[in-house]
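The structure under discussion appears below in the form of structure tokens.
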Amino acid sequence: MGALSRLTGDSRYEAAALRALRKLWSMRSSLNLVGTTLDVLTGKWIEYSSGIGAGVDSFYEYLIKAYVLFGSEEYWDMFHSAYLAVQKYFRHGPWYHEADMRTGEATHWQLTSLQAFWPGDVAAANISHREFYNVWQRFGVLPERYLLNFGMLHPTEKYYPLRPEFAESTFYLYQATKDPWYLEVGEAIIGSLNYYTKVDGGFASVRDVSTMKLEDHQHSFFLSETCKYLFLLYDDSFLRNQNYIFTTEGHPLPIRSTWHEIIPTTHVPSNWTFSVGSPWESACHVPDVLPTHRCRTDDDCGVEAVSCRRRTCSMAGYCGLWLGVY
């Protein structure tokens, strides 16, 4: 909606979306968590169990992407608070479980396929990504739900509808690290898709990953996202020297300075998931000077824990890593 307002010059679209976002954010709990389902008639939460998967994944994704696209500090402040809450209440080692938005207590210990977008945003990305890949290798594809506490498939949600999130995170992590291991993961994804899901008319969703029985159906997001991110993993020439950000459905939007209230340089927040003495802290971790990750010069920034890369100060005044794809 914000992009539509920028392109048409009609501010009503962005105003409507921002009004809805502000209302939703005002309904967060004291823990800075939101639920997954609202009653549209009463405006009250009807599902308090929350996570980073179905029903809420795009909320987190668009907070940070709106900041990158439009430069508004309001989006950044929302994302920062929401991100810290996710790391505190949902994260358990490399996994992210679901929790009650009111209390922070765990509700469902399960992997859901839509969670796979998150490794593109977190400092310990490779740790979470490798665990997702282990599940992929076990079944040949990524099941819709996997019960972490029992190490088994969800009894009813055993399907794989050709979702793109794991391929998307693989693409972003390769761009961020240039680690050739992610290219090998991409090859494994492509190999599985060709071996298990390719049919005469395209690629079919998997009804049950334990039997690999197929459905007579191919979702549109397979073409707009899954195939796109796998293609870009091996040929990123489209992105070189150009400013684009992808919507949650994989559509590229141009990042233009005229769209920015404040022009930030794209960066990846990193140190929030690490603290001194944490078991997830690597030996090369050096924290930023300020806990808010604000900076004036590169000297105010530390060293990212997972990749051991020096963080630099963006034009917007935040320490971060340069992705190199913009």
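Read in order, the letters of the sequence shown correspond to residues 2 to 327 in the numbering used here.
Just so it is clear, CB atoms sit at the ideal spot from N, CA and C, and this is done for glycine as well.
Please read all numbers here as calculations on a predicted model, not as lab measurements.
For the beta strand (DSSP E) that contains residue i, what are its first and last residues?
i, result
"Val57", "From DSSP, Val57 is part of no beta strand (DSSP E); its letter is neither H nor E."
"Arg243", "It should be noted that the sequence gives Gln, not Arg, for residue 243. From DSSP, Gln243 is part of no beta strand (DSSP E); its letter is neither H nor E."
"His109", "107–109"
"Glu48", "46–48"
"Arg29", "Run containing Arg29: none; DSSP gives neither H nor E here."
Would you call the CB atoms of residue i and residue j closer than 7 Å?
i, j, result
"Leu64", "Phe80", "yes"
"Ser50", "Thr108", "yes"
"Gly321", "Arg312", "yes"
"Leu231", "Ala168", "yes"
"Arg146", "Glu132", "no"
"Ala189", "Thr198", "no"
"Thr43", "Gly56", "no"
"Ile128", "Pro95", "yes"
"Val200", "Tyr134", "no"
"Leu184", "His130", "no"
"Gly52", "Glu99", "yes"
Residue i and residue j look like a contact to me (Cβ under 8 Å); what is the Cβ gap, rounded to whole Å?
i, j, result
"Leu149", "Leu112", "6 Å"
"Leu234", "Thr171", "6 Å"
State the start and end residues of the unbroken alpha helix (DSSP H) segment that holds residue i.
i, result
"Leu5", "3–9"
"Tyr173", "166–178"
"Tyr230", "228–235"
Against chain D, with Cβ distances strictly below 7 Å, would residue i count as a contact?
i, result
"Ser73", "Looking for chain D here will not work: only one protein chain is present."
Going by DSSP in three states, residue i sits in which element: helix, strand or coil?
i, result
"His130", "helix"
"Arg92", "strand"
"Thr266", "With a pLDDT of only 36 at Thr266, under the threshold of 50, the placement of this residue in the model should not be trusted, and no figure is reported."
"Lys199", "strand"
"Glu99", "strand"
"Cys302", "coil"
"Phe204", "strand"
"Lys159", "coil"
"Trp273", "Caution is warranted here: a pLDDT of 38 is assigned to Trp273, below 50, making its placement in the model unreliable, and no coordinate value can be reported."
"Met79", "helix"
"Thr259", "helix"
I want to know whether the segment 72–86 touches the segment 25–36 - three or more CB-CB distances under 8 Å. yes
Report yes or no: do three or more beta-carbon pairs, one from the segment 174–181 and one from the segment 147–166, lie closer than 8 Å? no
Taking three-plus beta-carbon pairs below 8 Å as touching, is the segment 197–212 in contact with the segment 135–147? Because the criterion of three Cβ pairs below 8 Å is met, the segment 197–212 and the segment 135–147 touch.
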